[in-house]
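J.: Here the numbering used here is used: the first residue of the sequence shown is 2, the next is one more, and so on.
Shown below is the structure under consideration.
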Amino acid sequence: RTPMNGVIGMTQLLLGTELDDEQREYANTIRMSGDALLAIISDILDFSKIEAGKLDLGNEDFDLRQVVEDVAEMFAERAHRKGLELVCLVYRDVPTALRGDPDRLRQILTNLVSNAIKFTDSGEVIMRVKLVEQAPEHVHVRFEVQDTGIGIAESARSRLFQSFTQVDSSPTRRHGGTGLGLVITKRLSEIMGGEVGIESTLGAGSTFWATAKLVRQAEAATAPTRADLAGLRMLIVDDNETNRSILRQQLVTWGASSVSAEDGPRALQILYGTKRNGERIDLVILDYNMPGMDGLEVARVLQGDPQLATIPVVMLGSVTGQSSEITRAYGLAAYLTKPVRQGRLFEVLTTVIGRSRPSQPTRPSQQVVRARRGRVLVAEDNVVNQKVASGMLLKLGYEVDIVADGQRALEAVSKTSYAAILMDCQMPRMDGFEATLKLRRWEANTNHRIRVIAMTANAMRGDRERCLAVGMDDYLSKPLKMEDLEAALMLAGPQPPEIPADAEPGDVRVHQLLHVAQLEIIRSLQEDGQPDLIAELATIYAEQATNCLDELSTALATGDATTIARVAHGLKGVSANLGARRVVTLCGGIEERAQAGVLEGLDMLFAHLGDEVAKAQRAIAAYQRDPKAFAT
Numbered sequence: 002r003t004p005m006n007g008v009i010g011m012t013q014l015l016l017g018t019e020l021d022d023e024q025r026e027y028a029n030t031i032r033m034s035g036d037a038l039l040a041i042i043s044d045i046l047d048f049s050k051i052e053a054g055k056l057d058l059g060n061e062d063f064d065l066r067q068v069v070e071d072v073a074e075m076f077a078e079r080a081h082r083k084g085l086e087l088v089c090l091v092y093r094d095v096p097t098a099l100r101g102d103p104d105r106l107r108q109i110l111t112n113l114v115s116n117a118i119k120f121t122d123s124g125e126v127i128m129r130v131k132l133v134e135q136a137p138e139h140v141h142v143r144f145e146v147q148d149t150g151i152g153i154a155e156s157a158r159s160r161l162f163q164s165f166t167q168v169d170s171s172p173t174r175r176h177g178g179t180g181l182g183l184v185i186t187k188r189l190s191e192i193m194g195g196e197v198g199i200e201s202t203l204g205a206g207s208t209f210w211a212t213a214k215l216v217r218q219a220e221a222a223t224a225p226t227r228a229d230l231a232g233l234r235m236l237i238v239d240d241n242e243t244n245r246s247i248l249r250q251q252l253v254t255w256g257a258s259s260v261s262a263e264d265g266p267r268a269l270q271i272l273y274g275t276k277r278n279g280e281r282i283d284l285v286i287l288d289y290n291m292p293g294m295d296g297l298e299v300a301r302v303l304q305g306d307p308q309l310a311t312i313p314v315v316m317l318g319s320v321t322g323q324s325s326e327i328t329r330a331y332g333l334a335a336y337l338t339k340p341v342r343q344g345r346l347f348e349v350l351t352t353v354i355g356r357s358r359p360s361q362p363t364r365p366s367q368q369v370v371r372a373r374r375g376r377v378l379v380a381e382d383n384v385v386n387q388k389v390a391s392g393m394l395l396k397l398g399y400e401v402d403i404v405a406d407g408q409r410a411l412e413a414v415s416k417t418s419y420a421a422i423l424m425d426c427q428m429p430r431m432d433g434f435e436a437t438l439k440l441r442r443w444e445a446n447t448n449h450r451i452r453v454i455a456m457t458a459n460a461m462r463g464d465r466e467r468c469l470a471v472g473m474d475d476y477l478s479k480p481l482k483m484e485d486l487e488a489a490l491m492l493a494g495p496q497p498p499e500i501p502a503d504a505e506p507g508d509v510r511v512h513q514l515l516h517v518a519q520l521e522i523i524r525s526l527q528e529d530g531q532p533d534l535i536a537e538l539a540t541i542y543a544e545q546a547t548n549c550l551d552e553l554s555t556a557l558a559t560g561d562a563t564t565i566a567r568v569a570h571g572l573k574g575v576s577a578n579l580g581a582r583r584v585v586t587l588c589g590g591i592e593e594r595a596q597a598g599v600l601e602g603l604d605m606l607f608a609h610l611g612d613e614v615a616k617a618q619r620a621i622a623a624y625q626r627d628p629k630a631f632a633t
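Pasting the structure below:
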């Protein structure tokens with residue numbers, strides 16, 4: 002994997018330079034070939050670990066819907082390039098607050114969806130998540146991926162889950178790969194207490210499925226109930242019956258009713274008919290890509306007709322990068338790229354009809370963000386890796402220093418202030434683990450903590466836990482990807498200053514501590530004539546936080562890692578409900594270390610935690626005094 006870091010990383014940087022069309026085509030070919038080779042390497046590594054019995058599953062809280070929607074989003078562009086409809090449905094009765102290994106679940110889904118898209122040239126790929134059975138402490142979930150592809154002959158199905166075997170093994174086969182994806186999927190499912198299977202008709206498509214037994218979260222953090230769409234009537238316009246069905250189900254869940262149209266002319270017929278009959282349509286959900294009269298033509302008709310122009314239109318499409326232009330040109334209320342996350346769709350619908358505010362504050366421009374970024378130290382002994390990391394950091398707007406071992410990293414930190422350190426784990430003289438341990442001991446005597454992000458060519462379960470155990474904050478597996486590096490560095494930066502008791506609501510320091518959108522959701526639930534809901538919740542939070550801090554203090558004194566993890570998890574949940582973002586981050590770090598059985602350094606994190614809880618309470622009080630000052 003280390004040489005691949007050079008190939009893929011340098012190609013990413015090359016594509017960011019000025020190239021003519023021929024050069025860009027060559028560079029893109031290198032990038033795609035590198036990605037394909039990396040996938041083969043990863044499959045072989047995973048297979049060897051499984052065969053050797055060295056694959057350990059993670060055990061962490063996760064949101065099942067988010068995992069599934071992440072995979073759908075990852076394959077959206079690939080499906081669009083082939084003209085395929087990619088649809089995602091998590092059934093209403095499936096619990097989503099679960100505990101297990103989300104990375105391995107994501108790997109199972111990735112293998113199934115990748116194969117479905119690879120072997121499907123027209124039609125659709127549908128991801129479904131169903132509940133098989135449930136108990137108070139666990140659930141049995143079935144993941145299905147259905148396609149309208151080439152199908153698989155019955156004689157070939159017995160070979161599907163054999164190592165290094167291709168469904169199409171002819172010399173002229175069109176699709177590459179290692180033949181390990183389904184084998185790995187089968188083994189992972191079995192390790193999770195499940196099984197795999199296939200239903201297929203040659204020439205008509207296939208449904209691959211895998212099951213897994215997952216644990217319910219002991220204390221699932223529940224956000225305040227969202228406002229619903231009760232009483233609203235919407236028109237769904239989409240030529241794909243699967244899409245219409247899923248949208249209908251989602252609207253029913255939110256309390257809205259709907260009528261459907263399979264094309265533009267039928268949609269207009271329904272709209273004019275409701276006007277004549279004195280009925281109403283509150284909102285139109287309109288697909289962009291339809292045969293005959295497409296979504297843009299329908300939107301143009303609505304925009305030009307005074308009877309219909311007042312009905313808000315939310316368009317769903319596969320076109321990216323032009324949503325703002327399309328929205329303005331056709332008078333749309335919103336444009337969303339498919340597949341649309343359920344939470345995002347709900348947020349947009351409620352915003353459009355004026356029932357609630359959007360939950361995400363406006364993001365500053367990239368130029369503003371980068372102007373605030375600082376200096377990063379790269380500790381890496383490999384020259385190629387140094388060039389890749391420094392090149393990406395410079396592209397992201399950071400200044401960069403480079404050292405070749407852990408000892409020099411410690412020397413650099415003693416002389417220069419850094420926003421973060423990218424720390425290679427394996428280096429001569431002093432490796433990244435030892436350097437981080439020494440750094441954390443040194444920091445214990447200061448009031449500063451540098452964010453340390455591990456870089457390693459290893460991709461085995463346990464590597465991340467080992468990094469966190471010595472005090473590293475995050476973990477990146479080589480080859481580095483620009484978007485992963487940027488995400489890992491987003492938390493790097495100076496600690497926010499102390500929040501005074503009389504802080505002004507608009508104070509930027511308050512925004513650093515609070516996820517204001519969460520408080521806006523709570524405020525939207527306030528009923529006239531009732532006590533201030535935020536004040537009530539803030540009082541409860543103060544009491545719960547005090548109890549948690551007392552319990553953590555006792556558990557730290559006795560070295561009770563189980564209690565530390567449990568209490569930190571609980572405090573993380575209640576803090577998330579009130580938008581106390583830095584408390585959530587600190588609790589997450591304490592919980593992860595306690596789960597790994599590593600108590601060293603927790604006393605320092607605990608000291609910071611008490612301070613951050615107090616700051617969060619003052620910031621919430623500032624919001625409570627004048628919520629309008631926080632409007633984004």
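Ideal placement from N, C-alpha and C gives every residue a C-beta, glycine not left out.
Helix, strand or coil: which one does DSSP assign to ALA231?
T.: Taking the sequence shown and counting its residues from 1, the one referred to as residue 231 is at position 230. Of the three classes helix, strand and coil, the one that applies to ALA231 here is coil, per DSSP.
J.: When burial is assigned at 16 or more other CB atoms within 10 Å of the CB, is MET33 buried or exposed?
T.: The count along the sequence shown starts at 1 and reaches residue 33 at position 32. By the 10 Å Cβ count, MET33 comes out exposed.
J.: Counting C-beta neighbours from all protein chains within 10 Å, is the total for GLN618 16 or more, i.e. buried, or is it exposed?
T.: The residue you call residue 618 lines up with position 617 of the sequence shown. Result: buried.
J.: May I have the straight-line CA-CA distance separating HIS609 from THR437, to the nearest angstrom?
T.: Locating residue 609 in the sequence shown gives position 608, counting from the first residue. Locating residue 437 in the sequence shown gives position 436, counting from the first residue. Rounded to the nearest angstrom, the two C-alpha atoms are 19 Å apart.
J.: Starting from ASP21, trace the beta strand (DSSP E) in both directions and tell me its first and last residue.
T.: For the purposes of this step, residue 21 is identified with residue 20 of the sequence shown, where counting begins at 1. Run containing ASP21: none; DSSP gives neither H nor E here.
J.: Going by DSSP, what residues sit across from VAL88 in a beta bridge?
T.: Within the sequence shown, the letter at position 87 stands for residue 88. DSSP, once it has assigned bridges, lists ILE127 as partnering VAL88.
J.: What residue from LEU38, GLU134, GLN108 has the CA that sits closest to VAL72's CA?
T.: By 1-based counting over the sequence shown, the position of residue 72 is 71. Measuring from the Cα of VAL72, the nearest candidate turns out to be GLN108.
J.: Short check: CB of MET473 to CB of ALA489, under 8 Å?
T.: One-based indexing of the sequence shown puts residue 473 at position 472. One-based indexing of the sequence shown puts residue 489 at position 488. Their beta carbons are not under 8 Å apart, which means MET473 does not touch ALA489 by this criterion.
J.: Where GLU593 and SER391 are concerned, what is the direct C-alpha to C-alpha distance, given to the nearest angstrom?
T.: To locate residue 593, count along the sequence shown from 1; it is residue 592. To locate residue 391, count along the sequence shown from 1; it is residue 390. So the two alpha carbons sit approximately 29 Å from each other.
J.: Is it buried or exposed, GLN527, if we count other Cβ atoms within 10 angstroms and call 16 or more buried?
T.: The sequence position of residue 527 within the sequence shown is 526, counting from 1. GLN527 is exposed by the Cβ-count criterion.
J.: In the structure shown, what three-state DSSP assignment does ILE422 receive?
T.: On the sequence shown, position 421 is the one that residue 422 refers to. Looking at ILE422 - three-state DSSP - the assignment turns out to be strand.
J.: Taking buried to mean at least 16 other C-beta atoms within 10 Å of its own C-beta, is PRO172 buried or exposed?
T.: On the sequence shown, position 171 is the one that residue 172 refers to. Note that PRO172 scores a pLDDT of 35, beneath 50, so its modelled location is shaky and nothing firm can be said.
J.: Examine the Cβ distances between the region 335-351 and the region 74-82 and report whether three or more of them are shorter than 8 Å.
T.: Result yes; three or more Cβ-Cβ pairs closer than 8 Å.
J.: Which residue or residues does DSSP assign as beta-bridge partners of ALA1?
T.: Summary: the structure shown does not reach residue 1, with the chain confined to residues 2 through 633, and so no result is reported for it.
J.: Contact defined as beta carbons within less than 8 Å: I believe ARG452 pairs with ALA421. What is the distance between those atoms, to the nearest angstrom?
T.: For the purposes of this step, residue 452 is identified with residue 451 of the sequence shown, where counting begins at 1. For the purposes of this step, residue 421 is identified with residue 420 of the sequence shown, where counting begins at 1. Yes, they are in contact, since the Cβ atoms of ARG452 and ALA421 sit about 4 Å apart, within 8 Å.
J.: Just the Cα atoms here: how many angstroms apart are ARG450 and LEU287?
T.: Within the sequence shown, residue 450 is the residue found at index 449, counting from 1. Within the sequence shown, residue 287 is the residue found at index 286, counting from 1. The straight-line gap from Cα to Cα measures roughly 50 Å.
J.: May I ask you to verify whether the region 390-407 touches the region 344-352, counting CB pairs closer than 8 Å and requiring at least 3?
T.: Flag = no, the region 390-407 and the region 344-352 do not touch.
J.: For the alpha helix (DSSP H) containing VAL68, list its first residue and its last residue.
T.: Locating residue 68 in the sequence shown gives position 67, counting from the first residue. Here the alpha helix (DSSP H) through VAL68 covers 65-82.
J.: Contact defined as beta carbons within less than 8 Å: I believe TYR419 pairs with ARG467. What is the distance between those atoms, to the nearest angstrom?
T.: By 1-based counting over the sequence shown, the position of residue 419 is 418. By 1-based counting over the sequence shown, the position of residue 467 is 466. Contact doesn't hold; Cβ gap of about 23 Å is too wide.
J.: From LEU317 to LYS214, what distance separates their C-alpha atoms?
T.: As a first step, residue 317 is located in the sequence shown; it is residue number 316 there, counting from the start. As a first step, residue 214 is located in the sequence shown; it is residue number 213 there, counting from the start. Cα-Cα distance, rounded: 34 Å.
J.: For a test of the three-state rule: what should DSSP assign to SER360, helix, strand or coil?
T.: Taking the sequence shown and counting its residues from 1, one reaches residue 360 at position 359. Because the pLDDT of SER360 is 39, which lies under 50, any placement of that residue in the model is unreliable, and the number read from its coordinates should be weighed accordingly. Note: SER360 maps to coil in three-state DSSP.
J.: Does the contact criterion of 3 or more C-beta pairs under 8 Å hold for the region 266-285 versus the region 302-309?
T.: Touching, yes.
J.: Counting C-beta neighbours from all protein chains within 10 Å, is the total for ILE282 16 or more, i.e. buried, or is it exposed?
T.: As a first step, residue 282 is located in the sequence shown; it is residue number 281 there, counting from the start. Under this definition ILE282 is a buried residue.
J.: Report yes if the C-beta distance between ASP62 and ARG105 is below 8 Å; otherwise report no.
T.: For the purposes of this step, residue 62 is taken as residue 61 along the sequence shown, with counting starting at 1. For the purposes of this step, residue 105 is taken as residue 104 along the sequence shown, with counting starting at 1. In this structure, ARG105 does not lie closer than 8 Å to ASP62 by Cβ.
J.: Which residues in the same chain as MET294 place their Cβ atom closer than 7 Å to its Cβ, once the five residues preceding and following it in sequence are excluded?
T.: Indexing the sequence shown from 1 puts residue 294 at position 293. Cβ neighbours of MET294 beyond the five flanking positions: ASP264, GLY265, PRO266.
J.: How far does the alpha helix (DSSP H) with LEU269 in it reach, from first residue to last?
T.: On the sequence shown, residue 269 is found 268 positions in, with the first residue counted as 1. Its alpha helix (DSSP H) spans residues 265-277.
J.: Three-state secondary structure (DSSP) at THR328?
T.: Looking up residue 328 in the sequence shown gives position 327. DSSP places THR328 in helix when its eight states are reduced to three.
J.: Within the region 579-628, note down every full alpha helix (DSSP H) run reaching 4 residues or more, in order along the chain.
T.: The region 579-628 contains these whole alpha helix (DSSP H) runs: 582-596, 603-626.
J.: Going straight from the alpha carbon of MET541 to that of LEU230, what length do you get?
T.: On the sequence shown, residue 541 is found 540 positions in, with the first residue counted as 1. On the sequence shown, residue 230 is found 229 positions in, with the first residue counted as 1. Here the sequence assigns Ile to residue 541, which means Met is not the residue at that position. Computed Cα separation, rounded: 29 Å.
J.: Between the region 546-556 and the region 564-571, can you find at least three pairs of beta-carbon atoms closer than 8 Å?
T.: Yes, the region 564-571 is in contact with the region 546-556.
J.: So LEU317 is in the alpha helix (DSSP H); what residue range does that whole segment cover?
T.: Position 316 of the sequence shown, counting from 1, holds the residue named residue 317. Element bounds for LEU317: not the alpha helix (DSSP H) but the beta strand (DSSP E), 314-318.
J.: Could you name each continuous alpha helix (DSSP H) segment of 4 residues or more that falls completely within the region 277-311, going from the start of the chain to the end?
T.: You should have 296-305.
J.: Since LEU600 contacts ALA539 with CB under 8 Å, what's their CB separation in whole angstroms?
T.: Numbered from its first residue, the sequence shown carries residue 600 at position 599. Numbered from its first residue, the sequence shown carries residue 539 at position 538. Not confirmed; about 31 Å, so no contact.
J.: Should the region 153-164 be regarded as contacting the region 182-197, the criterion being three or more beta carbon pairs within less than 8 Å?
T.: The region 153-164, when compared against the region 182-197, does touch it at the 8 Å Cβ threshold.
J.: Is DSSP giving MET33 helix, strand or coil here?
T.: Working through the sequence shown from its first residue, we reach residue 33 at position 32. Helix, per DSSP.
J.: Which residues in the same chain as GLN427 place their Cβ atom closer than 6 Å to its Cβ, once the five residues preceding and following it in sequence are excluded?
T.: What you label residue 427 is simply residue 426 of the sequence shown in a count that begins at 1. Within the same chain, GLN427 has no close Cβ partners at all.
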